[in-house]
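Engineer: Sharing a structure, written as structure tokens. Questions coming.
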Amino acid sequence: GENVEQHPSTLSVQEGDSAVIKCTYSDSASNYFPWYKQELGKGPQLIIDIRSNVGEKKDQRIAVTLNKTAKHFSLHITETQPEDSAVYFCAASPSSNTGKLIFGQGTTLQVKP
Amino acid sequence: NAGVTQTPKFRILKIGQSMTLQCAQDMNHNYMYWYRQDPGMGLKLIYYSVGAGITDKGEVPNGYNVSRSTTEDFPLRLELAAPSQTSVYFCASSYGAPYSNQPQHFGDGTRLSIL
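Order-wise, the sequence lines are chains A and B.
Okay, so the first sequence: first residue is 1032 according to the numbering used here, each after it adds one.
Okay, so the second sequence: first residue is 311 according to the numbering used here, each after it adds one.
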């Protein structure tokens, strides 16, 4: 079945620096890749997603890139702010099932003021 | 707009007890999901439903049961609670399937401890 690996597990940056989180997936037919942000005591919230027919997508300070050949995708956050501190999850939608999202293990991002 | 509502927020159970975690959504979504989140392990899919009367197993269904009698509600049942089921449980919903690029909306979770 589909497997999603996420790195790093923790990431600490200074305010204003960039942060990059990387994920790899195993099912080459996966076609949808969302990123979620989870704040303490809350459920995950979608922050950006990308389809398999697109290589890059941006939304203000957040961007996601997808390399289908290498089967990896990344989240880029520029000009980080303390409110960006949270746990971030990547996920992939495998082709074998209509209902599943397979999540990575999560990255705890700390932005130091 | 309430979105996805989960109750209770916290619960402590004794081994062998049973309980039902409630989940309701008011977005008229067809798909609903139950996940569990263990420290450092991400979210694992327990069960999901593509519509009223239809449910299917996810990655970790053992020890759980679900039903979907209405579009709005998707309760998760633990019949014989075990310490391994101590976790944070999240319910989510979406209009369509992930492969059709439909985002999942999550509730704020139920924190369950089994002692």
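Positions of the beta carbon are idealized from the N, C-alpha and C atoms, including for glycine.
All of these numbers come straight from a predicted model, not from anything done at the bench.
#1: Could I get the ranges of all uninterrupted beta strand (DSSP E) runs contained in the stretch 325-358 of chain B, with 3 residues as the minimum, in chain order?
#2: Three or more C-beta pairs under 8 Å: does that hold for the stretch 370-389 of chain B against the stretch 331-343 of chain B?
#3: Determine whether the Cβ of G1137(A) lies closer than 8 Å to any Cβ atom of chain B.
#4: Between the stretch 355-372 of chain B and chain A, which residues of the former have a C-beta closer than 7 Å to a C-beta of the latter?
#5: By Cβ distance, which residues of its chain are closer than 8 Å to V1044(A), with the 5 residues on each side in sequence left out?
#6: Roughly how many angstroms separate the alpha carbons of A407(B) and V1035(A), rounded to a whole number?
#7: Could you name the residues that DSSP lists as bridge partners for P1065(A)?
#8: For Q414(B), which residues from the same chain have a beta carbon less than 6 Å from its beta carbon, with the 5 sequence-adjacent residues on both sides left out?
#9: Measure the CB-CB distance between G352(B) and F1120(A) and report whether it falls below 8 Å.
#10: With DSSP run on the structure shown, which of helix, strand or coil describes F394(B)?
#11: For L422(B) and chain A, any beta-carbon pair shorter than 8 Å?
#12: By Cβ distance below 7 Å, which residues in the same chain neighbour I1147(A) in space, the five residues on each side in sequence not counted?
#13: Using 8 Å as the limit for Cβ to Cβ distance, is D418(B) near chain A?
Structural biologist: The relevant details are as follows:
#1: Qualifying beta strand (DSSP E) stretches, in chain order: 329-335, 341-347.
#2: Between the stretch 370-389 of chain B and the stretch 331-343 of chain B there are three or more C-beta pairs closer than 8 Å, enough to call the two in contact.
#3: Within the first sequence, numbered from 1, the residue matching residue 1137(A) stands at position 106. Chain B contact via Cβ: present.
#4: Residues of the stretch 355-372 of chain B with a C-beta atom less than 7 Å from some C-beta of chain A are L355, Y358, V360, D366, G368, listed in chain order.
#5: As a first step, residue 1044(A) is located in the first sequence; it is residue number 13 there, counting from the start. Contacts found: A1050, T1111, L1140, Q1141, V1142, K1143.
#6: Here residue 407(B) corresponds to residue number 97 of the second sequence, with the count starting at 1. Here residue 1035(A) corresponds to residue number 4 of the first sequence, with the count starting at 1. The straight-line gap from Cα to Cα measures roughly 19 Å.
#7: Here residue 1065(A) corresponds to residue number 34 of the first sequence, with the count starting at 1. According to the DSSP secondary-structure assignment, P1065(A) is paired through a beta bridge with D1080(A).
#8: Numbered from its first residue, the second sequence carries residue 414(B) at position 104. Around Q414(B), the same chain offers A402, S404 as residues with beta carbons nearer than 6 Å, after the five sequence neighbours per side are excluded.
#9: Taking the first residue of the second sequence as position 1, residue 352(B) is located at position 42. Taking the first residue of the first sequence as position 1, residue 1120(A) is located at position 89. At a Cβ-Cβ threshold of 8 Å, G352(B) and F1120(A) count as neighbours.
#10: The count along the second sequence starts at 1 and reaches residue 394(B) at position 84. Residue identity check: residue 394(B) is Ser in the sequence provided, not Phe. When secondary structure is reduced to three states using DSSP, S394(B) falls in the helix class.
#11: Here residue 422(B) refers to the residue found at position 112 when the second sequence is read from its first residue. By this cut-off, L422(B) is not an interface position.
#12: The structure shown does not extend to residue 1147(A), since chain A is modelled only from 1032 to 1144, so the question has no answer here.
#13: Indexing the second sequence from 1 puts residue 418(B) at position 108. For D418(B), the nearest beta carbon of chain A is closer than 8 Å to its own beta carbon.
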